[in-house]
Amino acid sequence: MPDYQKKLIFSSHLWVIYVLAVVLLAVVWYFQWQIGLIMTVLIVASLYYTFFRERKLLEETEAYISTISHRIKKVGDEALLEMPLGIILYNEDYKIEWANPYLSKFSDDDDSIVGKSLNILSEMLIPMIKENKNEIVIEVNTSKFLTIVKREERLLYLLDRSEQIELETLFHNQQTILAIIFLDNYEEITQNMDDTAKSQLNSQVTSVLNKWSNHYGLYLKRTSQERFLAVGTKEILSQLENVRFDVLDDVRELITEQNNPITLSIGVGLGDASLPALGELAQSSLDLALGRGGDQVVIKDDVGKVRFYGGKTNPMEKRTRVRARVISHALQELVKASENVIIMGHRSPDMDSVGAAIGVLNIAKSNNVDSYIVFDSNDVDIGVYRLIQALRGDEEIWSHFIEPEEAESLLTSRTLLVVVDTHKPSMVADASLLNQTEYKVVIDHHRRGEDFVDNPTLVYMEPYASSTAELVTELLEYQPNHKKLKMLEATALLAGIIVDTKSFTLRTGSRTFDAASYLRAKGADTVLVQQFLKVDLDIYVKRSKLIEHAEIYRNTIAIAKADHGVAYGPVLLAQTADTLLTLTGITASFVISERDDGKIGISARSLGDVNVQVIMEKMNGGGHLTNAATQIEDTTIDDAEALLKDILHEYFEGRESE
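All the letters of the sequence shown, read from the start, carry residue numbers -17 to 640 under this note's numbering.
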């Protein structure tokens, strides 16, 4: 028994009391022995009674402690041997030295698991112990265990968490998702249909979507002629992602009388959020899908993560100019209400960016408002060098070009900032300007990405357009006519259209030719455009060397990789990709090289069968279905090529499995 349990018959305080009593008794005996005698008898009786009670209490305490010790030992044995908790002791070689009986039922045979490697329970157990993991989830014979590792004691506790994980999985799978389904081009396709044909098309679309929703267990409700609402669960969404939303292909196969396929876009909201919040996420996802050209699915969760599916077709060109007229009028009102207008495109501007900026400059001048174009003279690419030189020769136009530092000094509370040919804050000429003005306008023809200018006052994004210059040209047509478009301004706009359409061969619609015709009527010089587009001999030789290094991947993909240590500009990469696309049998091309800023640049082109935008977005880039690019930091050319091939493999395997 421990020392603290081996107590004396009398406690120390009783000894003190009785010692004092004896001293007092001696005094009483000295003065009055009769009373002392009586007191002696009483003290002896008290001493005997106290001794008896203290001894009995001690015996009872010892008996109680003995009982408790026995029960604790018994409970410990039961906990160790009978409770549904696995306990393992292992040695330095990760072999089991001892295990409680609970774990014997998880052995594949009737033999004990003692003496066997921890791998008998799970192949991942030993590697994760070596990685200094304190908690590991393993699966043993369909049961899932939370394994707690006591590394110093070489001890493992295995807690069965099968039911908990099953409940968590069930909770996750049953979370609600909301989807808004929108028929992209329903209005354009049905505007010339009679009621019979329109009713037949509605019936076909509804039939396909009802069959799709019934197959996966979605609740589907048509809310308007071109809009549906679907309610489902995360488990259903996972199934739809596994088949990559093949309903997009099913609807696209419904050919109308005009032989135009009807396409749909789906915006999905999911996450641990309220139903109103899910509805907002779904609408935001749909807006993003439509901003990217439609015919695709965008899934957005409550933490902002976005996934894309589809986007295999080029967006259909709008047949009316109503939106262009409305946007032009709205822009005119914003310009008139502004003290000045600051215009900027993206870094390393191309012909389209410069041309569109000059077009917006003319709109501001037409409304008699001071306007300026932000232009970094140290960020001029060879592709626009000749155009910039021509603009420098026109003093009246060049006086409106300012450096980014100068632009900040011109900002006021009533400054209108117009961003052209990009919608990503990370790509604009001077991102700091975006946070210093309240009124912002975005004019762009690229498919919308996740990164977007915050709180724009007006957005004019049309992925169907060939170029931003085309969009700005249409806006110009509805502006006051008292400010005539100069020949050089019209030529710059036409150069932007010609470059982005590859001389009217790609992404060219009827309105592209209308815009070009308008610019030609305003004095645009096609010969001067060709002068701007001329290539120096050394550039031609560099491009040829890149083409010489090209390899054919999957029979139809051309990939050209520059030599290590040789840097090329984005324009040269784009021109090389365009040239590769002209080769027989090539449907898509990718050109990879180092850049002067240390990044790895990739330029991608396709004829429409391959969505290079989706591929480049997986490498933190973007662009169009047929025209995209990216810049990657902290990598090498070889690693970038390997990553590109992995993404291409996933892209094609996914399409083949649809």
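We treat Cβ as the ideally placed atom computed from N, Cα and C, and that holds for glycine. Being a predicted model, the structure only gives us computed values, none of them experimental.
- DSSP places residue 286 in the coil class of the three-state scheme, outside both helix and strand.
- Cα atoms of residue 46 and residue -3: separation of roughly 26 Å, rounded to the nearest angstrom.
- If one requires a minimum length of 4 residues, the alpha helix (DSSP H) runs lying completely within the segment 155 to 221 are 168 to 172 and 177 to 198, in chain order.
- For the pair residue 439 and residue 316, the CB atoms are nearer than the 8 Å cut-off.
- Contact annotation: the segment 500 to 512 touches the segment 466 to 482, with at least three C-beta pairs closer than 8 Å.
- In the DSSP assignment, no residue is bridged to residue 3.
- For the alpha helix (DSSP H) assignment, the uninterrupted runs of no fewer than 4 residues enclosed by the segment 346 to 423 are, from N- to C-terminal side, 367 to 374, 377 to 380 and 386 to 392.
- Taking the C-beta atoms as reference points, residue 324 is found no nearer than 8 Å to residue 457.
- Where residue 594 is concerned, the enclosing alpha helix (DSSP H) starts and stops at 594 to 599.
- Between residue 13 and residue 7, the alpha-carbon positions lie close to 10 Å from each other.
- Looking at the backbone, the Cα of residue 101 and that of residue 124 are separated by about 16 Å.
- Where residue 480 is concerned, the enclosing alpha helix (DSSP H) starts and stops at 469 to 482.
- With fewer than 16 other beta carbons inside 10 angstroms of its own, residue 193 counts as exposed.
- The Cβ atoms of residue 453 and residue 442 sit closer than 8 Å to each other.
- Residue 559 places its beta carbon less than 8 Å from that of residue 587.
- Put simply, the segment 399 to 407 touches the segment 421 to 436. At least three CB pairs are less than 8 Å apart.
- Under the DSSP assignment, residue 305 falls in the alpha helix (DSSP H) whose first and last residues are 304 to 318.
- Under the three-state reduction of DSSP output, residue 580 falls in the coil class, being neither helix nor strand.
- In this structure, residue 354 keeps its C-beta atom at 8 Å or more from the C-beta atom of residue 309.
- Secondary-structure assignment with DSSP links residue 611 through a beta bridge to 585 and 604.
- Ranked by Cα distance from residue 77, the options 591, 206, 378 and 107 are led by 107.
- Residue environment analysis places residue 27 among the exposed positions, since fewer than 16 neighbouring C-beta atoms fall within 10 angstroms of its C-beta.
- For residue 142, the uninterrupted beta strand (DSSP E) run begins and ends at 137 to 142, by DSSP.
- If you check the CB distance, residue 364 and residue 547 do not come in under 8 Å.
- Contact annotation: residue 227 and residue 286 have beta-carbon atoms that are not nearer than 8 Å.
- Residue 477 holds the alpha-carbon nearest to the alpha-carbon of residue 448 among 477, 283, 431 and 37.
- Relative to residue 217, the option among 177, 151, 235 and 135 whose CA is nearest is 151.
- Taking 8 Å as the cut-off, the beta carbon of residue 219 is found no closer than this to the beta carbon of residue 249.
- Secondary structure note for residue 273: its alpha helix (DSSP H) is the uninterrupted segment 257 to 273.
- By the criterion of a C-beta distance shorter than 6 Å, residue 209 is surrounded in its chain by 164, once the five residues flanking it on both sides are discounted.
- A distance below 7 Å between beta-carbons, with the five flanking residues on each side excluded, links residue 120 to the following residues of its chain, in chain order: 103, 104, 106, 107, 127 and 129.
- The C-beta separation of residue 221 from residue 168 comes to about 27 Å, leaving the pair out of contact by the 8 Å criterion.
- Around the beta carbon of residue 197, a 10 Å sphere encloses fewer than 16 other beta carbons of the protein chains shown; the residue is thus reported as exposed.
- Residue burial annotation: residue 604 is buried, with at least 16 other C-beta atoms found within 10 angstroms of its C-beta.
- Bridge partners of residue 80 according to DSSP: 71.
- About 7 Å separates the beta carbons of residue 236 and residue 187, which is inside the 8 Å limit, making them a contact pair.
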